[in-house]
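Below you'll find the structure, written out as structure tokens, and then a few comments.
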Amino acid sequence: MCGITGVMYFEDREPSPSLLQAMTDVIVHRGPDDSGFFSEPRIGLGFRRLSIIDLREGHQPLCNEDETVWIVFNGEIYNYKELRSLLIGRGHEFRTHSDTEVIVHLYEEFGEDCVKQLRGMFGFVIWDRRRKLLFGARDHFGIKPFYYLLDGRRFLFGSEIKSILAADGVRRKVETESLMNYLTFQYVPEPLTMFEGIRKLPPAHTIRIAADGSIRIGRYWDPMFEPEQRPLKDYVEEIREKLKESVRAHMVSDVERGCFLSSGIDSTAIAASMKAIEPIRTFSVGFAGDNNETVISRQTAEALGTEHYEKVITREDFFAALPKAVWHQDEPVADPSAIALYHVAELARRQVTVVLSGEGADELFGGYRIYREPQALRPLAWLPRPVGRLLHLLARALPAGMKGRSYLLRATTPLEERFLGNAKIFTEEMKADILKVGRDRLGTYRNPLQIAGEFYAKTRHLDPVSRMQYIDMNLWLPGDILMKADKMTMAHSLELRVPFLDKELFGLARRIPAVYRTAEGTTKYVFRKAMEGVVPDFILNRPKLGFPVPVRDWLKGPQGDAILEEMRAGGIGDFVNLDEAARMLTRHRNGQGDYARRLWTLYIFALWHSAYMEEAPLRAFAAG
């Protein structure tokens, strides 16, 4: 895994060495082992390398035989050996044994359709010297990031936003629409970022920039669910075999490997599959208290026979790491578990360079508890729409907290309005109270309902659970889960691989009927059946915890006052009503409601603003 950067000018101007150096130096954490550059009139490519495969020959930027195709590539291609054999059979000559060179020759052979041949995680850019165009791509699920800025005279790109900010003349300004959506989602959905003008290339998309600056973006793959009614046992057997094969493919490397291990079934399934192939090391973190995941993960490690490492994160550890972790994120992601991930990555990097992890299983197999809601609401699902609307109005009139009120409200709210993904922090009504900017746009901006609605419109033929999973595949997974997975591990020069997010495995998961995903009062039912005999029995039906962080309790103590002070010092007073934030904290402490997630969302925005809207902190973290 590595970091890529670069610039394309729309005139015969060659990028300066100092520009490429600055853009590349700021992401040295992504690749401490090597760096490389290529430049000529119109184009400059920069690269930082973390050596994983072909340790001696994998230097980048890399080109074809006649130097007409140049590439910088971040990621891993798991079917590169098969593709290499195919290309050799078609007359291509290779100078290295790297997966990077395979992409170069695939581009020569298939053009922009080369991405359809790839199995893996990737963000790359190819400079086509003959055609004077730049071609880029991001992997199917969005495992690897790809950011860019188009300003009329040049196209800047990078694995991280901080590379783009290192270029001369890039203005830093908060994108108001992104802030408004962040307050609901706890992340900024693609294609926007929190920086005005800087964009994310969405997952499963390619981008082409011509010499005149014209740009074309297109989707090459869609994670659509297509349920097929087949016997449960068929799916159970296929999941077991497909996962085993995916784990084996994801273990290919020339460096030490390990596995993150929580108290749940997903990471345990990965660890058990790895252990069946070779001795492995596992890594866990937790917090003191009733939900300390290290207790269960230690028992799991003993049952599997792994070499296990663990750490209990104190409140002091957590908040000491927070500012630098937020800097590494590039954008605010108000998921407290990101900081737990930062710590487990730091722990793992002391022993290994590559880790496998369980991200993606919930989205593929229906693992979130919210996916059981359609079944729970079924008693009222038959109501005609007019009757449902009337009942909804009556429910709203009931006193807050009254038993049954919440159920009636959700049961009479259409799926497209009640489910926007795994986070819904601030409603539009709440934003009217907390926002200082954008309030006049609350009824006109591209809001969360419209963002999710674009995906709902494509799934009208599907059952509610599949529709919810499709929303999470396109929003929650790339925006939260994979963003924090990449940034928190790369902060420590650790490559993270996610065997569940394999296009071959998804090809099976997309066909599993919803009745096999949520059944028998549990989630991921078919997956749990597939893992019988693979993972320890005490893990099979454990409920999902997901790095439980005691933020709710911390806010009730002195830490709540410290957080409020940091909000005031973060320069966000022009954006949000900090007096309302203080009232939220008071109500939280008085037991008048749970405001933890809302306060945390504002706090992370404040830390991000402090790190990125001023020069000094940016330089300090880059140097550290």
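With my numbering, the residue at position 602 of the sequence shown is 677, and numbering never jumps. Glycine included, every Cβ here is placed at the ideal spot set by N, Cα and C.
Item, Value
"Considering only residues of the same chain and omitting the five flanking positions on each side of D87, which have a CB-CB separation below 8 Å?", "P116 and R117"
"Which two residues bound the contiguous beta strand (DSSP E) that contains F230?", "R229 to G233"
"Does the distance from the C-beta atom of F216 to that of L557 stay below 9 Å?", "yes"
"For P449, I'd like the list of residues in its chain whose CB is within less than 7 Å of its CB, leaving aside the five on either flank, ordered along the chain.", "P539 and V540"
"So what's A456 in DSSP terms, helix, strand or just coil?", "helix"
"May I have the straight-line CA-CA distance separating C77 from Y482, to the nearest angstrom?", "47 Å"
"Would you call A532 buried or exposed, if buried means 16 or more other Cβ atoms sit within 10 Å of its Cβ?", "exposed"
"Thinking C-alpha only, which one of A378, Y417, T381 and V408 is nearest V387?", "Y417"
"Which of helix, strand or coil does DSSP assign to G106?", "coil"
"Mapping the DSSP letters down to three states, classify R447 as helix, strand or coil.", "helix"
"Please tell me whether, using a cut-off of 8 Å, the distance from the CB of I509 to the nearest non-hydrogen atom of the ligand MG is below it.", "Inclusion of the ligand MG in the displayed structure is not the case, the ligand content being empty and no account of it being possible."
"I'd like to know whether the C-beta atoms of G646 and A681 end up nearer to each other than 9 Å.", "yes"
"Whole angstroms are fine: how far does the CA of A423 sit from the CA of S91?", "38 Å"
"Give the single residue among H383, A475, G380 and G211 whose Cα lies nearest to the Cα of G668.", "A475"
"In whole angstroms, what is the alpha-carbon distance linking T281 and V327?", "26 Å"
"If you draw a straight line from the alpha carbon of T389 to that of T369, how long is it in whole angstroms?", "13 Å"
"Output the boundary residues of the alpha helix (DSSP H) element that contains I340.", "I340 to K350"
"What's the C-alpha gap between Q544 and E168?", "43 Å"
"At 4 residues or longer, and completely inside the segment 78–124: list those alpha helix (DSSP H) runs for me, N to C.", "92–100"
"Do you know whose CA, among R673, G441 and V430, lies nearest R323's CA?", "V430"
"Could you pull out every residue in the same chain whose Cβ sits closer than 6 Å to the Cβ of L615, ignoring the five residues on either side in sequence?", "R603"
"According to DSSP, is Y223 part of a helix, a strand, or is it coil?", "strand"
"Is DSSP giving M565 helix, strand or coil here?", "helix"
"Quick one, which of V573, L240, V408 and L125 has its alpha-carbon nearest P194's?", "The residue you asked about is not Pro; residue 194 is Arg in the sequence shown. Checking every option, the nearest Cα to that of R194 belongs to V573."
"Just list the alpha helix (DSSP H) runs in the segment 531–602, keeping only unbroken ones of 4 residues or longer that don't cross its boundaries, in chain order.", "539–549, 557–565, 578–584 and 589–592"
"Between the C-alpha atoms of Y257 and G211, what's the straight-line distance to the nearest angstrom?", "27 Å"
"Using only the alpha-carbon positions, how far apart do A486 and F530 sit?", "21 Å"
"Have a look at the DSSP bridge pairing and note the partners of D612.", "Answer is none; D612 lacks a bridge partner."
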